[in-house]
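Be aware that the sequence shown starts at 18, since it is given in the numbering used here, and climbs by one per residue.
A virtual CB, placed ideally from N, CA and C, is assigned to each residue, including glycine.
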Amino acid sequence: MHQFKISIATPSFNQGKYIQKAITSVQEQRYKPFEHIIFDNCSTDETREIARQYSHVQFFSEPDEGQSDALNKGFQTATGDIIGWLNADDYYLPGTFEKVNEAFNRYDVDAIYSNVKFVNQNGDFIRNMKTHSPVKWMSLFYTFIQSTTFFFRREIIQDNHLLDKNLHYCMDMEFFARLLHDDYKFRHINDYFACFRWHDFNKSSPTKETLKKNIEEGFYIINKTKTTDLKMSPVNIVLYKLAINLLARPVRRTMVLLQL
Numbered sequence: 018m019h020q021f022k023i024s025i026a027t028p029s030f031n032q033g034k035y036i037q038k039a040i041t042s043v044q045e046q047r048y049k050p051f052e053h054i055i056f057d058n059c060s061t062d063e064t065r066e067i068a069r070q071y072s073h074v075q076f077f078s079e080p081d082e083g084q085s086d087a088l089n090k091g092f093q094t095a096t097g098d099i100i101g102w103l104n105a106d107d108y109y110l111p112g113t114f115e116k117v118n119e120a121f122n123r124y125d126v127d128a129i130y131s132n133v134k135f136v137n138q139n140g141d142f143i144r145n146m147k148t149h150s151p152v153k154w155m156s157l158f159y160t161f162i163q164s165t166t167f168f169f170r171r172e173i174i175q176d177n178h179l180l181d182k183n184l185h186y187c188m189d190m191e192f193f194a195r196l197l198h199d200d201y202k203f204r205h206i207n208d209y210f211a212c213f214r215w216h217d218f219n220k221s222s223p224t225k226e227t228l229k230k231n232i233e234e235g236f237y238i239i240n241k242t243k244t245t246d247l248k249m250s251p252v253n254i255v256l257y258k259l260a261i262n263l264l265a266r267p268v269r270r271t272m273v274l275l276q277l
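See the structure below:
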């Protein structure tokens, strides 16, 4: 079995409370070769001091244009065959890199992803979130891939696919939708690679403002991916919400139930 080099890119800004767990979850994989690259937006908390305790971490502290920009820097710095995206407040489960390596040896694919475990700010288990096989049309309406479980071949970056810096909430959704619509091959691995930490400062917390921004970015993604000019009229917003709630989510639930 070929031993792929795995590169992990982590964007960081004032996540000193959680980043040590992210770092040690990579270190404790007991897998080689690997690298962990952190691009930090000049944090003012203890992030720098924590990261520099670990000799395996490549730590860069410089201004950026947001999470997508920091991740793009990490992706472009990576030298591994396989790249993973780990946010500073999330962490990998033991044995994940071995499973990733096995999957890329077994399947002829460009990217893989798994189910995810949700934990609270203290790392206490909340629930499992299962997902399903990739569905191209659904990627325009629903993010069924958790970025912290996503691993992809470096060739994707070499093909000039980076995160869209215009997006601040749905950059992962746009990235996955673009790749799927460009016919990159994804595979769902029915396992658990990582834990997503749910806390008060999550960008994805469902506030009125984030829900509005998600809709705006959702229209942007459809127009960009399908080369359309769909306007955010009241009627179109209603149709967009119906597509999510009456089509994408029920199909997702059915696929999870049937383990498709």
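Mind checking which residues open and close the alpha helix (DSSP H) that includes P267?
Per DSSP, P267 belongs to the alpha helix (DSSP H) from 266 to 274.
Report buried or exposed for M18, applying the criterion of at least 16 other Cβ atoms within 10 angstroms of its Cβ.
By the neighbour-count rule (16 or more Cβ atoms within 10 Å), M18 is not buried but exposed.
Please classify E234 as buried or exposed, where buried requires at least 16 neighbouring CB atoms within 10 angstroms.
buried
Let me know if T166 comes out buried or exposed under the rule of 16 or more other beta-carbons within 10 Å of its beta-carbon.
buried
Just grab the DSSP bridge partners of K101 for me.
Checking the sequence shown, residue 101 turns out to be Gly, not Lys. I25, F168.
Quick one: residues in its chain with C-beta nearer than 6 Å to the C-beta of I20, no 5 flanking neighbours on either side, listed in chain order?
The residue you asked about is not Ile; residue 20 is Gln in the sequence shown. Correct list: empty, nothing qualifies.
From the DSSP output, which residues share a beta bridge with R123?
For R123, which the question treats as bridged, DSSP gives no partner whatsoever.
Which residue spans inside the region 45 to 108 form an unbroken alpha helix (DSSP H) run of at least 4?
64 to 68, 84 to 94
What are the boundary residues of the alpha helix (DSSP H) that includes D189?
188 to 198
Please check the pair F213 and V133, which I expect to be a contact at CB under 8 Å, by giving their CB distance rounded to whole angstroms.
5 Å
What number of angstroms, rounded off, separates the C-alpha of G33 from the C-alpha of G101?
Looking at the backbone, the Cα of G33 and that of G101 are separated by about 21 Å.
Less than 9 Å separating the beta-carbons of A95 and I40?
no
Could you check which residue in D141, D106, L196 has the C-alpha nearest to that of I173?
L196
Identify the continuous alpha helix (DSSP H) that holds K241 and give its terminal residues.
225 to 243
Can you tell me whether P151 is buried or exposed, with buried defined as 16 or more other CB within 10 angstroms of its CB?
The residue in question, P151, is buried, as its Cβ has 16 or more Cβ neighbours within 10 Å.
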